[in-house]
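**Student:** There's a structure below that I have some questions on.
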Amino acid sequence: MHKPKRIQIEHGGRAGTFYASVEIQELDPVTPPHRLRPFRITLWNDGLEARADLGLDHLRGLAEWIDQALRAHEGED
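In this note's numbering, the protein residues as written are -5 to 71.
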């Protein structure tokens, strides 16, 4: 496994400021089942943790969904 990359997200809006930490780790692509889902994403927010192993297409889709949600939220300000 590769060293995880962690980013901090801070997004302000009408409902307040959203803070989260996101960690993306590239898994060993040779070890099953990581051939199909080589990325582990972990999200921390308000003491909660969510983790999922994703394929590249799923990771791209998640990034697009987050971008669209943030853009829609910015339009509410």
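Even glycine gets a Cβ: it sits at the ideal position worked out from N, Cα and C.
Keep in mind that this is a model prediction, so the values were computed, not measured.
1) Given a cut-off of 7 Å, decide if GLU20 and ARG0 are closer than it, judged by their beta-carbon atoms.
2) Please report the straight-line C-alpha distance between LYS(-3) and ALA14, rounded to a whole angstrom.
3) Look at the Cβ atom of ILE60, then the Cβ atom of ALA46, and state whether they are nearer than 7 Å.
4) Name the two residues that bound the continuous beta strand (DSSP E) containing LEU42.
5) Can you tell me whether DSSP reads LEU64 as helix, strand or coil?
6) Taking the straight line between their C-alpha atoms, what separation do you get for ALA66 and ASP51?
**Tutor:** According to the data block:
1) no
2) 20 Å
3) No, the Cβ-Cβ distance between ILE60 and ALA46 is not below 7 Å.
4) First-last of the beta strand (DSSP E) with LEU42: 42 to 48.
5) DSSP places LEU64 in helix when its eight states are reduced to three.
6) 22 Å
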